[in-house]
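Single-structure report; data block below.
Okay, structure coming up:
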């Protein structure tokens, strides 16, 4: 149970204050896939090799 509580604490600490009503938080790292998901794109706009 402590692990779950720590996960919830960490999520609230790092992602609990979104930037200007967006899905992003300042000073956090996001993968390309995360950005596409958070922007609610159906598919990635740019992919290497496509």
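In the working numbering, the protein residues as written are 58 to 107.
Note that CB positions come from ideal geometry on N, CA and C, so glycine has one too.
Compute the Euclidean distance between the alpha carbons of residue 85 and residue 71, then round it to the nearest angstrom.
-> Approximately 8 Å, taken between the alpha carbons.
With residue 82 and residue 74 assumed to form a contact (beta carbons below 8 Å), what rounded beta-carbon distance in angstroms separates them?
-> In this structure residue 82 touches residue 74 by the C-beta definition: roughly 6 Å separates them, less than 8 Å.
How many Å lie between residue 62 and residue 99 at the Cα?
-> Residue 62 and residue 99 have their alpha carbons spaced roughly 32 Å apart.
Confirm the yes/no value for this check: CB of residue 95, any heavy atom of the ligand ATP, distance under 7 Å.
-> Among the components of this structure there are no ligands whatsoever, and the ligand ATP is therefore not found.
Range of the contiguous alpha helix (DSSP H) that encloses residue 90 = Judged by DSSP secondary structure, residue 90 falls within the alpha helix (DSSP H) whose first and last residues are 89–95.
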